[in-house]
Amino acid sequence: MLNKTAEIISNLVVASGVYKMTLSSRELAHDSQPGQFLHIRVNPGNDPLLRRPISVHAVEDEDKISLLYGTIGRGTRLLSKKKSGEEIDVLGPLGHGFDLSEKPDRAVLVAGGMGAAPLFFVAQRLKGLVKESKLLIGAKTKEGLLSVSDFKEIGCDVWQTTEDGSAGRRGYITDLFEQALLDQTIGGSIRVYACGPKEMMARTATIAGIYNVPCEVSLEEKMACGLGACLSCVVDTIDGLKRVCKEGPVFRSDEIKW
Ligand SMILES: Cc1cc2nc3c(=O)[nH]c(=O)nc-3n(C[C@H](O)[C@H](O)[C@H](O)COP(=O)(O)OP(=O)(O)OC[C@H]3O[C@@H](n4cnc5c(N)ncnc54)[C@H](O)[C@@H]3O)c2cc1C
Ligand code: FES
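1117 is the number that this note's numbering gives to position 256 of the sequence shown; each next residue is one higher, with no gaps.
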């Protein structure tokens, strides 16, 4: 069954306007795949009417998962007010996640801002199965570089950029992407997993295409049902319109008409 009630274990501020919520649910911990999301009722009742989609950030252990989210508008602000011990109503795990069936020698994770949220779960799953996981993470300022110590803790090699130069190299994370692909310190096959602003993913897709490297992107569109019924979340692909909530949110980057 998709509809579940999960107990909130904690809901803590981890950066300015960013929260990490840990939920107790053996079923979600067991069933969730990297790139999938939960569709969350942020308030009991029908106000707001629509659920909010949030990616699974990590499986903490066999009974717990966590979410990492920014407070953007009313829905996520209501979510941030939830206390440990409260229960929330979620649908999920939903959607089609990253394809981790083929393990590359080198995984390159490209994260822009909140895009770090689903990619941490990818890094968790690839740990020990690839020769190298490299995280390229970019944000406007150093406060926006999320979960960097967590990625390092599970063995990722982290390269950072900020637009204001407050940490890492000044610029966009895509400025380092080509260099990461060409880095031959560890040879072998490469796969790219990206999540972030659309322009960042489009640029990542173009560069991955030039180097003929398989690349997947996790897209965001405004969602209503989250279940494939309302068509509010469609994107244009080379095979026609596809639903981000059902065929996505993760797509091959060469499928998308950017
Ligand atoms: C598959 C998926 C996974 C996501 N994972 C995360 C995550 O892990 N962490 C995180 O911080 N955010 C994530 N988001 C974005 C998050 O869903 C929005 O920030 C959130 O819905 C905003 O709701 P709000 O009420 O706070 O803002 P408002 O702007 O007040 O929302 C109004 C309406 O717009 C929709 N909406 C607004 N922004 C977005 C958006 N960017 N994407 C989709 N719907 C939006 C809301 O669902 C709501 O219906 C994800 C979005 C998608 C589609
Ligand atoms: S949100 Fe309804 S079809 Fe995707």
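Glycine included, every Cβ here is placed at the ideal spot set by N, Cα and C. If you're wondering where the values come from, they're calculated on a predicted model, not measured in any experiment.
For Asp1025, the closest of Phe1012, Gly989 and Lys1001 by C-alpha to C-alpha distance is Lys1001.
A contact between stretches requires three or more CB pairs, one per stretch, nearer than 8 Å, and the segment 940-950 fails this requirement with the segment 1032-1041. Straight across, the Cα-Cα distance linking Glu921 with Arg986 is about 12 Å. Our two residues, Phe1012 and Lys988, have alpha carbons roughly 10 Å apart in a direct line. Straight-line measurement puts the Cα of Gln894 at about 15 Å from the Cα of Lys964. Look at the beta carbons and you see the segment 952-961 touching the segment 897-911: at least three pairs across the two are nearer than 8 Å. Within the segment 974-1003, the runs of alpha helix (DSSP H) at least 4 residues long that lie entirely inside it are, in chain order, 977-987. Three or more pairs of CB atoms, one per stretch, sit closer than 8 Å, so the segment 957-975 contacts the segment 1048-1065. One thing to note: Gln897 has its Cβ no nearer than 7 Å to the Cβ of Gly936.
Judged by the Cβ position, Gly931 qualifies as a neighbour of ligand 1 at the 6 Å threshold, a heavy atom of the ligand being closer than this.
One thing to note: Val1105 has its Cβ within 7 Å of the Cβ of Glu1082. DSSP places Ala1090 in the coil class of the three-state scheme, outside both helix and strand. By the Cβ test, the segment 1092-1100 is not in contact with the segment 1037-1054, since fewer than three Cβ pairs between them sit closer than 8 Å. Under a 10 Å Cβ-count criterion, His918 is classified as buried, with 16 or more other Cβ atoms of the shown protein chains found around its own Cβ.
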